[in-house]
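A short write-up of the structure that comes next.
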Amino acid sequence: MLNQTDALPVSVQKGLNDFVGAVKQAFGNTLVSIVLYGSAAEGRLRPSSDVNVMLVLKTFDIAQINPLREKLSLYHAAFRLNVMFLLESEITIASEAFAVKFTDILSRHRILLGTDPFDDIKVSRSATLQRLRQVVINLTLRLRERYALVSLHSEKLVPIIADMAGPIRTCAATILSLEGKNDLHPKEALQLLTKQFPQHDWQKTFNNISKAREEQELNVSEEISTIQELLSLLQAMQNHILNMK
């Protein structure tokens, strides 16, 4: 496993090694695979990034989860470890139901233990388009709601901007994959996609997104304007997706 995580901070490497050992002990023969996915799988963690792990299991028994609870709480607090528990028999239906997420997982994952459970998985174009529409409109509604709730204290918008960056970039990568441009990192995919939205110069938006993720702060004048830019970007993405077939 070490060669799969050596691009990560040492504290994260040690925590993952410890967690993998605990998972092996807890699940035994019911464990199929342990998969690291997302930015951690690329070694591109930011302070606002989650460390996402999927446990692929033959069966799910709550009693097997109980020994993991203390370590899961510890590492969730330490480096934002999040764990998905997925049955091997659920992979196909989950990949269709959450097509955008699984398109991203297929392109950005590392096997920490076991076999690759996605070797034969392909997400259908129709499911991906349908899910893209759902995800982008949901992001739009969430962002409007969050702005209305916290913008009286504009500094609270910065973590919202940071949290929105990942799913927006993932949607951009998924859109471009449907257009035949595969294996792009989500950050670069968003920059490439917006070249199709020439009515606006998005570079300042990109800079502020990166700053929110990496430094967890923005200038006061940029917090609200960046939210507005993200809403405009999501609207442009919605329109683009509606024209895809």
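The sequence shown runs contiguously to residue 261 in our numbering. Note that CB positions come from ideal geometry on N, CA and C, so glycine has one too.
For the set K172, S89 and L71, the Cα lying nearest the Cα of P133 is the one of L71. Proximity to L103 across L192, Q251 and V51 peaks at V51, based on C-alpha coordinates.
DSSP places F76 in no beta strand (DSSP E); its state is neither H nor E.
By the 16-neighbour rule on beta-carbons within 10 angstroms, M180 is buried.
Runs of the beta strand (DSSP E) spanning 3 or more residues and lying entirely within the region 114-138 occur at 125-130, in chain order.
Distances from the alpha-carbon of K117 to those of Q146, A94, T131 and R85 put Q146 closest. For V174, the CB contacts under 7 Å within the same chain, skipping 5 residues up- and downstream, are A228, Q232, E233, L234 and E239 in chain order. The three-state secondary structure of L88, taken from DSSP, is helix. V48 and L157 have their C-alpha atoms spaced approximately 37 Å apart. Q254 and I137 have their C-alpha atoms some 27 Å from each other. In this structure, the CA atom of D77 is about 27 Å from the CA atom of A56. Distance from the CA of L258 to the CA of S226, rounded to the nearest whole angstrom, comes to 28 Å. In the assembly as shown, N154 is an exposed residue. Its beta-carbon has fewer than 16 other beta-carbons within 10 Å.
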